[in-house]
Every structure is written in structure tokens, then in C-alpha cells.
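For reference, the structure is listed below as C-alpha cells.
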Amino acid sequence: MSSPRILMCPPTHYGIHYEINPWMNTERQADHPLAQEQWRALRGHLVAAGATIEELAPVDGLPDLVFTANAAMVFGRKAVISHFKHPQRQGEEEHFRRWLAADGFEALETPNQFSFEGAGDALFCGDTLFAGYRQRSDALGHQQIGEMLGIRVLPLELIDSYYYHLDTCFCPLTADSAIYFPGAFDDYGQRVLAANVPTLIAVEEEEARSFACNAVVVGRTVVTNVGCPHLHEQLRNAGFTPVETPLGEFVKAGGSAKCLTLRLEGEDAAVWANSTQC
Numbered sequence: 090m091s092s093p094r095i096l097m098c099p100p101t102h103y104g105i106h107y108e109i110n111p112w113m114n115t116e117r118q119a120d121h122p123l124a125q126e127q128w129r130a131l132r133g134h135l136v137a138a139g140a141t142i143e144e145l146a147p148v149d150g151l152p153d154l155v156f157t158a159n160a161a162m163v164f165g166r167k168a169v170i171s172h173f174k175h176p177q178r179q180g181e182e183e184h185f186r187r188w189l190a191a192d193g194f195e196a197l198e199t200p201n202q203f204s205f206e207g208a209g210d211a212l213f214c215g216d217t218l219f220a221g222y223r224q225r226s227d228a229l230g231h232q233q234i235g236e237m238l239g240i241r242v243l244p245l246e247l248i249d250s251y252y253y254h255l256d257t258c259f260c261p262l263t264a265d266s267a268i269y270f271p272g273a274f275d276d277y278g279q280r281v282l283a284a285n286v287p288t289l290i291a292v293e294e295e296e297a298r299s300f301a302c303n304a305v306v307v308g309r310t311v312v313t314n315v316g317c318p319h320l321h322e323q324l325r326n327a328g329f330t331p332v333e334t335p336l337g338e339f340v341k342a343g344g345s346a347k348c349l350t351l352r353l354e355g356e357d358a359a360v361w362a363n364s365t366q367c
């Protein structure tokens, strides 16, 4: 297997410049030198796990460009470009579109201007796209993306504003296993996950608040924020190698490890990730 490629954006212009989720408070600013240090440490852990890091140039005035998971949803060499719900982030779209097109992706637009926030709300586990909606992305948009790409989509309603993207409460590990925080989903969503993901590792609320589910999976290595000891024990018991790295400066904006990354050839949990058929 070739080295996985991950898109990241240095936090040169990162900061809490507005409030669009419950984590953000402009009076609780990020420590900029510490944020840079934490970003570099995450990058180093991913390289150590075997990843190759590609970098998107930061842009002044777009502090959340650092959260590259929201750039697009990757499917083979196609990338469905995000259309952000909040105007504060809509300026990012052209930069993501341009970078992905230059890298050789077929850049596809979100159908009918629905809100859609990329891999933040659309994660493959096996051949199924699990799609979070209500907080940031529209369920109808997900269904139209599914029809456009010919893939199965299962919508999951996110009921807690602290878990406003799917990747804050659900993380596929393999094609048939994932970690998740049950409290972020309604009863129906919990039943959908139980029926379609053979092995689910539940995260307790305290660790979910430390963004335990917002993890980056590279092979058997799972990189998370600090403050997730119980999850790490569960991961070790399941044969994974958990790695913790402090990301508290990004939690202030409602993001952590996964939010800061976009897998360019698809997640390990996507069965098509190494296929040339997409």
C-alpha cells in the first residue's frame, strides 16, 4: 500500500474571529504560538504513522481554512466541494476547489446549493457513506450526492449542537468498525449505526468532549487529542495503536485531529480507497 496522502493547512492565520458553534468564544482567543506547536506535533505524528502531508497555503482572513476536513468529500479522484452553511467560511470554497483541481481531482459542486461541509459530515465505513445532517449539512443534499456518485448514503441526524459535524462524534476505523458517541445521535441514528456497523466502540461523554471521536486513522494508528484514556484502552484491546497529542487550541474553535486533515485517497475504512474504479 502506498503512503496515504493527507491535506493540511498551517495555522498561520488561525484564530477565533467569529462564533458559529458552541465551542467558539471570541473572548477566549487561541494562543497562536501554541496552536502552531500543536499543529506541527500532529503533523509529525501522522508522518511517523506513514502519511505524506500535502499543504494548502493559508489565507489571511480565513482562520478556519486550517480545518481541511471540511474542504470536500473525496471519492476516488472525484471531490465534492463543500458549500458552507455560514458565510464566514464560504470564502474557503474557492481555495479548496483550486487546490484539489490542481492536484488532479475532478471537482464537483454540491447539488442545488445545499449546505454540505465535506468530510466533516460525510464519512465512509465500508461501501456506505454515513452523512450527518441538521447542524451544518442538508439531508437532501447528501441524497443527491449519493445519486450523483452512485453510492449508498445513510443520513444521521445530529441532535447536540456541540457535535455539529459528524466527524466530532463518529470515526470509522475499518470497513466494519467505528468509534462513536451515542449521545450525539437520536434513537433512530443509533439504531442505524448498530444495524450497519458490525463493531461499534462507544465513547463516554467526558472523552467525547475532548474530541475523542475526532481522530485520524492511518493503518492501525489512531491519533487523538489528549484526555481520552478509556478510548485508548479500548483501541489497544482492539489491536490499534492509539497516539495522543495536545490540540486544545483547536478545540477552542470546535476542532481537533480529524478536522485538521483531509485524506486525499479516501479513508482506510472506505472499501473503494485503493480501487481505481471510482
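Going by the working numbering, the residue at position 229 of the sequence shown is 318; the numbering climbs one at a time, nothing skipped.
For every residue, glycine included, the Cβ atom is placed at its ideal position computed from N, Cα and C.
All values derive from a computational prediction rather than experimental measurement.
{"Query": "Anticipated Cβ contact below 8 angstroms, V332 with V312, distance rounded", "Result": "5 angstroms"}
{"Query": "Beta-bridge pairing of Y277 - partner residues as DSSP gives them", "Result": "For Y277, which the question treats as bridged, DSSP gives no partner whatsoever."}
{"Query": "For H172, the three-state DSSP class (helix, strand or coil)", "Result": "strand"}
{"Query": "Under 7 angstroms between C-beta atoms of P152 and C98", "Result": "no"}
{"Query": "Spatial distance of G207 from C348 (CA atoms)", "Result": "11 angstroms"}
{"Query": "CB contact flag (R298, Y253, <7 angstroms)", "Result": "no"}
{"Query": "Close beta carbons around Q232, own chain, < 7 angstroms, minus the five adjacent residues each side", "Result": "V242"}
{"Query": "Opening and closing residue of the alpha helix (DSSP H) in which F185 lies", "Result": "181-191"}
{"Query": "Same chain only: Cβ atoms within 6 angstroms of H106, ignoring 5 sequence neighbours per side", "Result": "P152"}
{"Query": "R325 to L189 span [Cα, whole Å]", "Result": "35 angstroms"}
{"Query": "Where Q45 falls, given that 16 or more other Cβ within 10 Å makes a residue buried", "Result": "Nothing in the structure corresponds to residue 45, since the chain is present only between 90 and 367."}
{"Query": "8 angstroms Cβ shell around F372 - same chain, five flanking residues per side excluded", "Result": "For the chain, the structure presents residues 90 to 367; residue 372 sits outside this window and is missing."}
{"Query": "Closest by C-alpha distance to T263, when choosing among T217, D249, G278, E294", "Result": "T217"}
{"Query": "Cβ-Cβ separation, I240 to I268 (assumed contact under 8 angstroms), whole Å", "Result": "The pair is not a contact, with the Cβ atoms about 22 angstroms apart (cut-off 8 angstroms)."}
{"Query": "Limits of the alpha helix (DSSP H) - the one that F339 falls within", "Result": "337-340"}
{"Query": "Residue interval of the beta strand (DSSP E) (run including L197)", "Result": "195-198"}
{"Query": "T310, buried or exposed, once every other Cβ within 10 Å from all chains shown has been counted against 16", "Result": "buried"}
{"Query": "T288 versus D276, F300, P261, residue with shortest Cα-Cα distance", "Result": "P261"}
{"Query": "Extent of the continuous beta strand (DSSP E) run through L262", "Result": "259-263"}
{"Query": "Same chain, Cβ closer than 7 angstroms to Q202, five either side skipped, listed in chain order", "Result": "H172"}
{"Query": "Straight-line gap, G150 to H102 (C-alpha atoms, nearest Å)", "Result": "7 angstroms"}
{"Query": "For S250 and N303, believed in contact at Cβ under 8 angstroms, the rounded distance", "Result": "Going by Cβ atoms, the distance from N303 to S250 rounds to 16 angstroms, so no, they are not a contact pair."}
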